[in-house]
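The UniProt record's numbering puts the first residue of the sequence shown at 1, with every later residue one more than the last.
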Amino acid sequence: MFENPETLPGIAIIGGGPAGLMAAEVARNAGVEVDLFEAKGSVGRKFLIAGKGGLNLTHGEPRPAFDSRYRERATDVGAWLDGFDAEALREWARGLGVDSYVGSSGRVFPMDRKAAPLLRGWVRRLRHQGVRFHVDHRCTGWDGDGCFTFETPAGERRLRARATVLAMGGASWPQLGSDGAWQEWLAGHGVDLAPLVPANCGFDIGWSGHFRERHAGAPLKPVVAHWLEDGRERSRQGECVVTETGIEGSLVYALSATLRASIERDGEARLWLDLAPGRTRERLETDLARPRAGRSATDHLRRQTGVTGVKAALLHEVLGRDGMADDAALASAIKRLPLRLQRPRPVAEAISSAGGIRIKATDERLMLTAAPGVFCAGEMLDWEAPTGGYLLTACFASGRRAGLGAVDWIRHKRGRPAYPV
């Protein structure tokens, strides 16, 4: 370990995802020197992967409905969005030459639906503005002198900055750099943390070997999910996918916070699927009661209800042979097939994570009260959002808020090192 730490001239940004890059941009635009440190060999890796099938940049839903997607954190995240909302994000992207459009579902995509051109243009602009990038720098925490330590190919580095923004991600997709290892050393400095748990994730059900081998990977669409939340029944139409262990997909991700809470409270979560939206149970029962004329149960089901493939197999999986032979029970199951969700998939597999630094552990600028001069942004903070652009929008907005907070700190501290005080 070096005897004396390196002292940076301005702000250190630790983490090269959207939150960190946005913090770097606003700080540099304010005239502050910026050094950005990334654990991997390039920045924005999760951003690129998330945009592989089409970059969902934000959502066209108006506020305050937009804010409500952040559930218990609607007020906190709403304050970030006051400074940088969905329309501001689209305008920012236009400044990089990336126009966007609102799809039929309300989701907002770049015109070419690609993440790479936007990221390349952004990094190029940041370099031109003077942001210094340091890749292959994995932050390992603070030492006893309050300096941040990094593992690098050239050995360990100790650095101190006038202010620091932490934007190291949650614990999902750790192969891309966000492994949540920061929890241990933040907790050691008295930062109040909520455990990191999977969000926007799949759930285990425990299929039979026969069903799993034949149908894992098959889409269930369209279906309507029914569930209980706060004692009230709710429903939502969408699509999901059968996995080797259970189900996942956009419909399940949208419900993951509620389903996860049910499992934590009750040991399981209940979900009911309508496999034939648009048909009533009475109509299905009448159709199924027609003579089979020697046809198999599966063929009769297909001819009379249009339920085939994985949907038919799912009915067999849940009802068994006897249930499939009872027209009334079968009609009821088609409209309300019960599924028992045992557990969420591991956080490393999830699209995002919930938990992290509790909002109450920061001030309105997202500065840690336990470590003045150290700001936090993105998925390190304790909030969650469904897919559909909401997650990414809040990452951008929190990065902007933390970056501006760090600038404000430096200006009021008159250039003195921010931590320790």
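Each residue gets a CB set at the ideal place from its N, CA and C atoms; glycine is no exception. No experiment lies behind these values; they were computed from the predicted model shown.
CB-CB under 6 Å to residue i, same chain, minus the five flanking residues each way: which ones, in chain order?
{"i": "E61", "result": "G106"}
{"i": "A402", "result": "A23, V165, L366, F375 and A377"}
{"i": "D35", "result": "L8, A12 and R132"}
{"i": "S262", "result": "A269"}
{"i": "V224", "result": "S235, Q237, D274 and P277"}
{"i": "L81", "result": "A397"}
{"i": "E33", "result": "P9 and G10"}
{"i": "K311", "result": "L275"}
{"i": "A74", "result": "D67 and S68"}
{"i": "E38", "result": "G16 and V135"}
Taking the beta strand (DSSP E) that residue i belongs to, which residues open and close that run?
{"i": "E222", "result": "A small correction: the amino acid at residue 222 is Pro; Glu does not occupy that position in the sequence shown. Residues P219 to E229."}
{"i": "T258", "result": "No beta strand (DSSP E) contains T258, which is instead part of the alpha helix (DSSP H) from S250 to D266."}
{"i": "A269", "result": "A269 to D274"}
{"i": "V34", "result": "V34 to F37"}
Tell me whether residue i is buried or exposed, calling it buried when 16 or more other Cβ atoms sit within 10 Å of its Cβ.
{"i": "Q237", "result": "exposed"}
{"i": "D67", "result": "buried"}
{"i": "N29", "result": "exposed"}
{"i": "N56", "result": "buried"}
{"i": "I49", "result": "exposed"}
{"i": "K52", "result": "exposed"}
{"i": "P110", "result": "buried"}
{"i": "G17", "result": "buried"}
{"i": "A328", "result": "exposed"}
{"i": "K46", "result": "buried"}
{"i": "E264", "result": "exposed"}
{"i": "Y70", "result": "buried"}
{"i": "P64", "result": "exposed"}
{"i": "P219", "result": "exposed"}
{"i": "H210", "result": "exposed"}
{"i": "E384", "result": "buried"}
{"i": "residue 429", "result": "It is not possible to answer for residue 429, since the shown part of the chain is limited to 1 through 421."}
{"i": "P198", "result": "buried"}
{"i": "A325", "result": "exposed"}
{"i": "G217", "result": "exposed"}
{"i": "G388", "result": "buried"}
{"i": "Y390", "result": "buried"}
{"i": "P344", "result": "buried"}
{"i": "G249", "result": "buried"}
Which whole-angstrom value describes the C-beta separation of residue i and residue j, a residue pair presumed to lie in contact below a C-beta threshold of 8 Å?
{"i": "P386", "j": "A254", "result": "5 Å"}
{"i": "P195", "j": "G355", "result": "5 Å"}
{"i": "S256", "j": "N200", "result": "6 Å"}
{"i": "G177", "j": "G170", "result": "With 8 Å as the limit, G177 and G170 do not qualify as a contact, their Cβ atoms being about 11 Å apart."}
{"i": "S353", "j": "E317", "result": "Not a contact, Cβ separation roughly 30 Å."}
{"i": "L315", "j": "T58", "result": "Not confirmed; about 38 Å, so no contact."}
{"i": "I357", "j": "V191", "result": "6 Å"}
{"i": "A394", "j": "V123", "result": "The Cβ separation is near 21 Å, so there is no contact."}
{"i": "P5", "j": "R158", "result": "4 Å"}
{"i": "E282", "j": "T258", "result": "Not a contact, Cβ separation roughly 30 Å."}
{"i": "I205", "j": "R340", "result": "7 Å"}
{"i": "T149", "j": "D136", "result": "Actually they are not in contact, since the Cβ atoms of T149 and D136 sit about 15 Å apart, beyond 8 Å."}
{"i": "R400", "j": "V43", "result": "Actually they are not in contact, since the Cβ atoms of R400 and V43 sit about 17 Å apart, beyond 8 Å."}
{"i": "T243", "j": "G202", "result": "6 Å"}
{"i": "I410", "j": "R162", "result": "5 Å"}
Have a look at the DSSP bridge pairing and note the partners of residue i.
{"i": "Y70", "result": "Looking at the DSSP assignment, Y70 forms no beta bridge with any residue, so it has no partner."}
{"i": "Q237", "result": "V224"}
{"i": "P198", "result": "S353"}
{"i": "E6", "result": "L159"}
{"i": "L193", "result": "I357"}
{"i": "H215", "result": "DSSP, once it has assigned bridges, lists no residue as partnering H215."}
{"i": "H59", "result": "R107"}
Can you list, in chain order, the residues of its chain whose CB lies under 8 Å from that of residue i, leaving out five sequence neighbours each side?
{"i": "H226", "result": "E233, R234, S235, L271, W272, L273, D274 and R336"}
{"i": "V307", "result": "L275, A276, L301, L315 and I334"}
{"i": "T280", "result": "K335"}
Start and end of the alpha helix (DSSP H) containing residue i?
{"i": "A88", "result": "A86 to G95"}
{"i": "R302", "result": "A297 to T305"}
{"i": "S332", "result": "D327 to K335"}
{"i": "P18", "result": "P18 to N29"}
{"i": "T280", "result": "Segment: none, T280 is in no alpha helix (DSSP H) and carries neither H nor E."}
{"i": "V374", "result": "Careful: V374 lies outside any alpha helix (DSSP H), inside the beta strand (DSSP E) at V374 to C376."}
With a threshold of 7 Å on Cβ separation, who are the neighbours of residue i within its own chain once the five nearest residues in sequence on each side are excluded?
{"i": "R290", "result": "Q304"}
{"i": "G103", "result": "F109"}
{"i": "A361", "result": "V191, D192, L368, T369 and A370"}
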